[in-house]
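Beneath this line is the structure, given in structure tokens, with notes to follow.
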Amino acid sequence: MDERLKKKIARKTKRCEDILIKHRNIRTSKEVTNSLFIGNGGLGCGLDREFLLDVFRPYGCIENIVLLPGEPYAFLTFSQVEEAKNAFKGVNGQKLNSGFIFYMSYISSIDIPPVNCAENSLPPGLVLLENFVNEEEEKALLSSITFDDVTGDKAVLKHRKVKHYGYEFIYGANNVDKNRCLDEKIPDVCIPHLERIVALGYLPRIPDQLTVNHYLPGQGIPPHIDTHSAFEDGLVSITLGSQVVMDFYAPGKESIPVLLPRRSALIMLGESRYLWKHGRWPTLCMSHISKDTCCNFSCITPRKTDVIPSYDGGRSTLTLCQRATRVSLTFRLIRKGDCQCEFPDQCDSQKSNVPDLKDVVSNEKAQELENKYVNQVYEVIADHFSNTRYKPWPKVASFLRDVPPGSVVLDVGCGNGKNLKLTSGCFEMGCDASYNLVQLCSKRNVEAVVADCLALPFRSESIDFAICIAVIHHMSTEARRLKAIEEIMRVLTPKGKSLIYVWAFEQGVSKYIKPQSEIASEDISQKEADSITVCDSACLPVHKNRTGFKQQDILVPWTKVSKDSPNTQKVHRYYHVFKQGELESLVLKCGGKIVSSYYDEGNWCTVIEK
């Protein structure tokens, strides 16, 4: 072996050993032993127990193989030191027929971590009924489901195909529209199986909502808790077509992977339904992720294999199981009224009764806050603000251009009127709380009036189409945000539609977010004040422009530049940045119907219908 190859293998081996130290605080041995550390040879690399056996069995008697969930390495113990030595010589750094290259070291057998594969470890309240349906019943259930009659975004989500029966689940709001039943009810072929579950005492009655998810290998679903206010206790999921591992997470508790065999029924009751998140994670290392972090991930990379328990001669270990196409039938009971469960921190019904903005802002104080940190600010920055707002956003323009001729169109919070005059043959008008911005509208020959969005000066059912772009996030309490949407709903004609945009808490890869390298290189001597007391004891953080949000209620600085003066003036605007689903939830509380929802360059957006 030439020196270049030796150095390459040494460098790669060192890198694998560094991962082992970082993940497990385990160091390899400088002495020759009967146990081997196999870098690049674990479950995280897509390799399983059988693959390793095929590679190393020719070198001797293998006593033990240890694979850890998601880790890119494995441990292997031979009966004799000489066998391990021969395996090391024959495999280390060599390209196998499969294309894999292992980078190996000796390790003391006492340092090899144990694998805990407790067989009957389930979250409290979780019930698993294996072989719940037979093969003929599985065929009948699968043949009753078709996605041909569902098209567009409602049929195909990012991670799977989906179809609803009884009631449609609205993913943006994580809720259902209880006032709108679907024509298609739960298929009759499902009813006998649901009657069995009722007879067993797991459910009080037959469910009235069904969600069918179709997963290809490699597709998954983010960890989540089914919304408390939408569904009662007792969720039933029947697994068809392929087994899968569902991962459960709870705050302050270890994650629990649960193998769902093909044709099994999973029933979530009590704590497992209300407290534990469930989903399908990627194959990644869970050992060095904190428990709290596990419960807060919202984005996953689905996997094509599952880590499942394997038992060899009474010894428990882990291996990989390949996934196939899986269909899950999830049955739920629509809740009437609010949820009163024992887990208020996870319960949206009980959380919704808690005042926001540090629990100290009354409606009167909210008006004062908005007057000082919204209305007065826009009066001061109107000209400079208008100069930066000259072009309609493409999807807003598209919504307005689709408005039929002859319609009455209202822009709530119209600013300088940039979004008006985009329709064809319609009567358009705008309103805004800023007198100076309305004056700028007149220069564009746009009809606009000074008005409060919480008390629109228009007759009920007089507006066919409305837009409200970047306005409602300036309302400082949930009650006032609800009122703003209620006013839009009031003035809309029956079947009238409105497009609403609000700033998103989840900024992701928006072009408005600076790269971390730019943030790190900025002069820290120009750092903003951390927070400002806005009223009584309410203290709001000052947001650093073009960075991710740390809190929903914030002050955003605006530096006013004047042509007539070299001096600049810094003011602060109040914002409540919306989390995913929050806008849709408010719309449903107002009795509106959600036509569509989407994310657009750092904004949550929804089209609603009266």
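Note that UniProt numbering numbers the sequence shown so that position 438 is 438, with each residue one more than the last. All residues carry an ideal CB built from backbone N, CA and C; glycine is no exception. Everything numeric in this text was worked out from a predicted model, so none of it was measured.
- request: Drop a sphere of 10 angstroms on the beta-carbon of Thr-533, count the other beta-carbons inside from all chains shown, and report buried for 16 or more, exposed for fewer.
  value: For the purposes of this step, residue 533 is identified with residue 533 of the sequence shown, where counting begins at 1. By the beta-carbon neighbour count (other beta carbons within 10 angstroms, threshold 16), Thr-533 is exposed.
task: Could you work out which residue in Leu-122, Ile-65, Glu-130 is closest to Lys-253 when comparing CA atoms only?
output: On the sequence shown, position 253 is the one that residue 253 refers to. Answer by Cα proximity: Leu-122.
query: Where does Gln-439 fall in DSSP's three states?
result: By 1-based counting over the sequence shown, the position of residue 439 is 439. Gln-439: helix per DSSP, three-state reduction.
task: State the Cα-Cα distance for the pair Tyr-73 and Leu-96, rounded to the nearest angstrom.
output: Working through the sequence shown from its first residue, we reach residue 73 at position 73. Working through the sequence shown from its first residue, we reach residue 96 at position 96. Straight-line Cα distance between these residues: approximately 16 Å.
- prompt: Going by C-alpha distance, which of Arg-490, Leu-369, Arg-196, Lys-421 is nearest Leu-454?
  reply: Stepping through the sequence shown from its first residue, residue 454 is reached at position 454. The shortest C-alpha separation from Leu-454 is found at Arg-490.
- prompt: Any contact of the stretch 443–461 with the stretch 573–585, i.e. 3+ C-beta pairs under 8 Å?
  reply: With fewer than three CB-CB distances shorter than 8 Å, the stretch 443–461 does not count as touching the stretch 573–585.
- request: Let me know the secondary structure DSSP gives Arg-15 once reduced to three states.
  value: Here residue 15 is taken as the residue at index 15 of the sequence shown, counted from 1. DSSP places Arg-15 in helix when its eight states are reduced to three.
field: beta strand (DSSP E) segment containing Phe-331, residue limits
entry: On the sequence shown, residue 331 is found 331 positions in, with the first residue counted as 1. 326–332 is the extent of the beta strand (DSSP E) around Phe-331.
message: With the cut-off set at 7 Å, would you say Lys-560 and Ile-381 are in Cβ contact?
response: Residue mapping note: residue 560 aligns to position 560 of the sequence shown, counting from 1. Residue mapping note: residue 381 aligns to position 381 of the sequence shown, counting from 1. Yes; because the gap between Cβ atoms is below 7 Å, this pair is in contact.
field: Chain-order list of residues whose beta-carbon lies under 6 Å from that of Glu-379 (same chain, five-residue window excluded)
entry: Along the sequence shown, read from residue 1 onward, the residue named residue 379 stands at position 379. Excluding the 5 residues flanking it on each side, Glu-379 has same chain C-beta neighbours closer than 6 Å at Ser-434, Asn-436, in chain order.
query: Between Glu-184 and the rest of its own chain, which residues show a CB-CB distance below 7 Å, the 5 nearest in sequence each way excluded?
result: The sequence position of residue 184 within the sequence shown is 184, counting from 1. Tyr-165, listed in sequence order.
- request: For the stretch 439–452 and the stretch 496–504, state whether three or more C-beta atom pairs, one from each stretch, are separated by less than 8 Å.
  value: The answer is no - the stretch 496–504 does not touch the stretch 439–452, with fewer than three Cβ pairs under 8 Å.
field: Length of the line joining the Cα atoms of Gly-279 and Pro-222
entry: Indexing the sequence shown from 1 puts residue 279 at position 279. Indexing the sequence shown from 1 puts residue 222 at position 222. Straight-line measurement puts the Cα of Pro-222 at about 5 Å from the Cα of Gly-279.
Bridge partners - Pro-257, DSSP secondary structure assignment: Here residue 257 refers to the residue found at position 257 of the sequence shown. Beta-bridge pairing links Pro-257 to Asp-247.
Backbone CA spacing between Asp-2 and Pro-114 [nearest angstrom]: In the sequence shown, residue 2 corresponds to position 2, counting from 1. In the sequence shown, residue 114 corresponds to position 114, counting from 1. Using only the alpha carbons, I get a separation of about 38 Å.
message: By alpha-carbon positions, which one of Ile-267, Gly-241, Val-471, Leu-47 ends up nearest to Asp-411?
response: Within the sequence shown, numbered from 1, the residue matching residue 411 stands at position 411. Between Asp-411 and the set Ile-267, Gly-241, Val-471, Leu-47, the nearest pair of CA atoms involves Val-471.
query: Are the stretch 410–428 and the stretch 383–401 touching, with three or more C-beta to C-beta distances below 8 Å?
result: Output reads yes: the stretch 383–401 touches the stretch 410–428.
- prompt: the ligand MN heavy atoms versus the CB of Ser-531: any closer than 6 Å?
  reply: No copy of the ligand MN occurs in the structure displayed, which carries no ligand at all.
- request: For Arg-326, I'd like the list of residues in its chain whose CB is within less than 6 Å of its CB, leaving aside the five on either flank, ordered along the chain.
  value: In the sequence shown, counting from the first residue as 1, residue 326 sits at position 326. Contacts found: Tyr-215, Gly-241, Ser-242, Val-244.
query: Between the stretch 16–34 and the stretch 100–111, do three or more beta carbon pairs fall short of 8 Å?
result: Yes, the stretch 16–34 touches the stretch 100–111.
message: On the CB-based measure, 16 or more other CB atoms within 10 Å of its CB, does Phe-75 come out buried or exposed?
response: Here residue 75 refers to the residue found at position 75 of the sequence shown. It counts as buried.
task: Mind the definition here: the stretch 222–241 touches the stretch 255–264 only if three or more C-beta pairs lie below 8 Å; say whether that holds.
output: Note that the stretch 222–241 touches the stretch 255–264; at least 3 beta-carbon pairs, one per stretch, sit closer than 8 Å.
- request: Using DSSP bridges, identify the partner residues of Asn-86.
  value: Working through the sequence shown from its first residue, we reach residue 86 at position 86. Partner(s): none; Asn-86 has no beta bridge.
task: Give a yes or no on whether the C-beta atoms belonging to Glu-130 and Ser-264 are separated by under 7 Å.
output: For the purposes of this step, residue 130 is taken as residue 130 along the sequence shown, with counting starting at 1. For the purposes of this step, residue 264 is taken as residue 264 along the sequence shown, with counting starting at 1. The answer is yes: Cβ separation under 7 Å.
- prompt: Is the Cβ-Cβ distance between Gly-60 and Glu-31 less than 7 Å?
  reply: Looking up residue 60 in the sequence shown gives position 60. Looking up residue 31 in the sequence shown gives position 31. Cβ distance not < 7 Å, so Gly-60 and Glu-31 don't count as in contact.
- prompt: Taking Cβ positions, are Ser-35 and Ser-143 nearer each other than 7 Å?
  reply: For this step, residue 35 is matched to residue 35 along the sequence shown. For this step, residue 143 is matched to residue 143 along the sequence shown. It is not a contact, given that the beta carbons lie outside the stated cut-off.
- request: Give the range of the alpha helix (DSSP H) segment to which Asp-48 is assigned.
  value: The sequence position of residue 48 within the sequence shown is 48, counting from 1. Careful: Asp-48 lies outside any alpha helix (DSSP H) and carries neither H nor E.
- request: Count the other C-beta atoms from every protein chain shown that fall within 10 angstroms of the C-beta of His-224, then say buried if there are 16 or more, exposed otherwise.
  value: The residue you call residue 224 lines up with position 224 of the sequence shown. Counting Cβ neighbours within 10 Å, His-224 comes out exposed, since fewer than 16 surround it.
field: Boundaries of the alpha helix (DSSP H) in which Glu-379 is found, first to last residue
entry: Numbered from 1 along the sequence shown, position 379 holds the residue referred to as residue 379. Run containing Glu-379: 376–388, per the alpha helix (DSSP H) assignment.
- prompt: Could you check where the beta strand (DSSP E) with Tyr-599 kicks off and where it finishes?
  reply: Your numbering for residue 599 matches position 599 in the sequence shown. Secondary structure note for Tyr-599: its beta strand (DSSP E) is the uninterrupted segment 593–599.
message: On a Cα-Cα basis, can you pick out the residue from Gln-80, Pro-69, Leu-266, Asn-375 that is closest to Phe-331?
response: On the sequence shown, residue 331 is found 331 positions in, with the first residue counted as 1. Of the residues Gln-80, Pro-69, Leu-266, Asn-375, the one whose Cα lies closest to the Cα of Phe-331 is Leu-266.
field: Limits of the unbroken alpha helix (DSSP H) element including Ala-140
entry: Start at 1 with the first residue of the sequence shown, and residue 140 comes out as number 140. Annotation for Ala-140: the continuous alpha helix (DSSP H) segment containing it runs 135–143.
- request: Could you name the residues of the same chain whose beta carbon sits closer than 7 Å to that of Asp-452, not counting the 5 residues immediately before and after it, in chain order?
  value: As a first step, residue 452 is located in the sequence shown; it is residue number 452 there, counting from the start. Apart from the 5 residues on each side of it in sequence, Asp-452 sits with its Cβ closer than 7 Å to the Cβ of Ala-433 in its chain, given in chain order.
message: I'd like to check one pair, Ser-531 with Leu-369: are the Cβ atoms closer than 7 Å?
response: As a first step, residue 369 is located in the sequence shown; it is residue number 369 there, counting from the start. As a first step, residue 531 is located in the sequence shown; it is residue number 531 there, counting from the start. Against a cut-off of 7 Å, the Cβ pair of Ser-531 and Leu-369 comes out as no contact.
- prompt: Can you give the Cα-Cα distance for Asp-54 and Asp-226, rounded to whole angstroms?
  reply: Walking along the sequence shown from the start, residue 54 turns up at place 54. Walking along the sequence shown from the start, residue 226 turns up at place 226. Taking the straight line joining both Cα atoms gives about 43 Å.
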